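According to full-length UniProt numbering, the sequence shown is numbered sequentially starting from 1. Glycine is no exception: its CB is placed at the ideal position from the N, C-alpha and C atoms. A quick note: this is a predicted structure, and the numbers were derived from the prediction, not measured. Have a look at the structure below, then the notes.
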Amino acid sequence: MTFILYSIKPLNLSTIITSAEELVQQCLSGDATAYRALYERYAKAMYNTVLRIVNRTDDAEDILQEAFTDAFQQLGSFEGRSTFGAWLRQIVVYKSIAHLKKQKLHLNGLETDAENIADEAPIDEDEIWYSVESIKQAMQKLPDGYRTVLSLHLIEGYEQEEVASIMQLAHSTVRTQYMRAKQKLVQLLKQEVYEQ
Numbered sequence: 001m002t003f004i005l006y007s008i009k010p011l012n013l014s015t016i017i018t019s020a021e022e023l024v025q026q027c028l029s030g031d032a033t034a035y036r037a038l039y040e041r042y043a044k045a046m047y048n049t050v051l052r053i054v055n056r057t058d059d060a061e062d063i064l065q066e067a068f069t070d071a072f073q074q075l076g077s078f079e080g081r082s083t084f085g086a087w088l089r090q091i092v093v094y095k096s097i098a099h100l101k102k103q104k105l106h107l108n109g110l111e112t113d114a115e116n117i118a119d120e121a122p123i124d125e126d127e128i129w130y131s132v133e134s135i136k137q138a139m140q141k142l143p144d145g146y147r148t149v150l151s152l153h154l155i156e157g158y159e160q161e162e163v164a165s166i167m168q169l170a171h172s173t174v175r176t177q178y179m180r181a182k183q184k185l186v187q188l189l190k191q192e193v194y195e196q
């Protein structure tokens, strides 16, 4: 048996071995292939980050391109205090939040105080187990504000204070949004179970 491997591209080991910080230096030296290598290395993860925040594929693609364009234009300001991926993710998150604000992001329940959250029924999260896919689908159904706060805190790993800073909101507002978002998510997941 003979196999023809004409469609497989040769593996570029220099791109795999080269660190992101070395690629940044190559970009700053004018190496166009280094830009492509950085894009290919981070595009998928950054796209997923944008999509979790904005929840629309067309918007996510546009925001991703804008974020990479901005990042490449600002490469000279990357000082290496964090990893390149963390630096890029910050640009991606800020671009995503700016997009939502342009789209008139409505944060549900902002008119109520954080203390009012205690009046709502507590969630028994331990009694419910769901697949990753069902959680993703339920998160897509959340209002923009809830989904954004949950995504930034639970998935992207930002502390609530950082989320408040990124979204330019009071910490108490983010805390309230987070608690309500969790309750709404559990409610959507339970509803899905009952509909099956």
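* Between the beta-carbon of residue 52 and the beta-carbon of residue 139, is there less than 9 Å? -> Taking 9 Å as the Cβ cut-off, residue 52 and residue 139 qualify as a contacting pair.
* With 16 other Cβ atoms within 10 Å as the buried cut-off, status of residue 96 -> Of the other Cβ atoms in all chains shown, 16 or more fall within 10 Å of the Cβ of residue 96; this residue is therefore buried.
* Separation of residue 171 from residue 125, as counted between CA atoms -> Reliability of the predicted coordinates at residue 125 is poor, the pLDDT of 49 falling under 50, and no value is obtained from them.
* Check the C-beta distance from residue 100 over to residue 28 and give it rounded, since I have them as a contact under 8 Å. => The pair is not a contact, with the Cβ atoms about 32 Å apart (cut-off 8 Å).
* residue 142 to residue 34, Cα distance in whole Å? -> So the two alpha carbons sit approximately 38 Å from each other.
* To do: Could I get the ranges of all uninterrupted alpha helix (DSSP H) runs contained in the stretch 151-179, with 4 residues as the minimum, in chain order?
  => At a cut-off of 4 residues, the continuous stretches assigned as alpha helix (DSSP H) that sit fully inside the stretch 151-179 are 160-167.
* **Unbroken alpha helix (DSSP H) run spanning residue 84, endpoints** => Residue 84: member of the alpha helix (DSSP H) spanning 84-102, first to last residue.
* Asked: residue 133: which of 21, 192 and 163 sits nearest, CA to CA?
  -> Comparing Cα positions, the closest option is 192.
* Mind checking whether residue 24 and residue 68 have CB atoms under 9 Å apart? -> No; because the gap between Cβ atoms is not below 9 Å, this pair is not in contact.
* To do: Reducing DSSP to helix, strand and coil, say where residue 51 ends up.
  => Look at residue 51 here: in three-state DSSP terms it is helix.
* Asked: Taking the continuous alpha helix (DSSP H) assigned at residue 79, which residues delimit it?
  -> That residue, residue 79, is in no alpha helix (DSSP H); it is neither H nor E in DSSP.
* Grab me the residues of residue 38's own chain with a C-beta within less than 6 Å of its C-beta, minus the 5 sequence neighbours each way, in chain order. => The answer, listed in chain order, is 23.
* Leaving out five residues on either side along the sequence, give the residues of the same chain with a beta carbon under 6 Å from the beta carbon of residue 158. => 152.
* Please confirm whether residue 98 and residue 147 have their CB atoms less than 9 Å apart. => Cβ atoms of residue 98 and residue 147: not closer than 9 Å.
* Asked: Where does residue 173 land, buried or exposed, given buried means 16+ other C-beta within 10 angstroms?
  -> Looking at its Cβ environment, which holds 16 or more other Cβ atoms inside 10 Å, residue 173 is buried.
* Which class does residue 74 belong to by DSSP, given the choice of helix, strand or coil? -> Coil at residue 74, not helix or strand.
* For the alpha helix (DSSP H) holding residue 19, just list the boundary residues, first then last. => Residue 19 -> no alpha helix (DSSP H), and no H or E assigned at all.
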